[in-house]
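K.L.:
Handing you a structure now.
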Amino acid sequence: MVGIRYHRPGFTLVEIMIVIAVIALLAAVSIPVFLRARIQADETSAIASLRTISTACVGYRSIQSPLTYPNSLNELSITTPPYIDQILGSGAKEGYNFTYTLVSPDQYTVTASPVTPNVTGIRIFFLDESGVIKVDNAAGAPVE
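Residue numbers for the sequence shown follow the working numbering, beginning at 1 and rising by one.
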């Protein structure tokens, strides 16, 4: 019975190495795509949140006497009914931090910056009482 080989079920080392190489290649291609998609989703959410804040500030100011913008984002979330949700009122949402500053009763600014630059977002967004959203990249240079 010399020379008789019995077929054992299973994979050879070469087959396993090929499968691992294919999986590694797919991961190398797909992970950056998923990261870019996450950044884009977080930035889109930040822009939508800034629009919500702008609308909330206008609504808040319209019922104040004398006319004034809120002192903080939290003030917009604790009114009854609230103008914004408590998550946004806390100043952080979807990978972005929102910094609200009341400059004067007639002026405010909001800065939306990524929690982790180049991971949760690349761009920084600015909003003031005009309602126009302006954009910079995380390095501070203007984006065309």
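Even glycine gets a Cβ: it sits at the ideal position worked out from N, Cα and C.
Find out if the Cβ-Cβ distance for the pair alanine 92, leucine 76 is shorter than 7 Å.
P.N.:
The answer is no: Cβ separation not under 7 Å.
K.L.:
Say whether the segment 35-45 touches the segment 71-87, bearing in mind that this needs 3 or more beta-carbon pairs closer than 8 Å, one atom from each stretch.
P.N.:
Verdict: no, contact absent.
K.L.:
Closest by CA to phenylalanine 98, which one among Gln107, Asp106, Ser104 and Leu88?
P.N.:
Ranking Gln107, Asp106, Ser104 and Leu88 by Cα distance to phenylalanine 98 puts Leu88 first.
K.L.:
Isoleucine 53 and isoleucine 84 look like a contact to me (Cβ under 8 Å); what is the Cβ gap, rounded to whole Å?
P.N.:
So it is a contact: roughly 7 Å between Cβ atoms.
K.L.:
Determine the direct distance from the alpha carbon of leucine 102 to that of isoleucine 23, and round the result to whole angstroms.
P.N.:
Approximately 52 Å, taken between the alpha carbons.
K.L.:
Is phenylalanine 125 helix, strand or coil by DSSP?
P.N.:
If DSSP states are grouped into helix, strand and coil, phenylalanine 125 belongs with the strands.
K.L.:
Would you report the Cα separation of histidine 7 and valine 14, rounded to the nearest angstrom?
P.N.:
Computed Cα separation, rounded: 17 Å.
K.L.:
Would proline 32 be called buried (16 or more neighbouring beta carbons within 10 Å of its own) or exposed?
P.N.:
With fewer than 16 Cβ atoms within 10 Å of its Cβ, proline 32 is classed as exposed.
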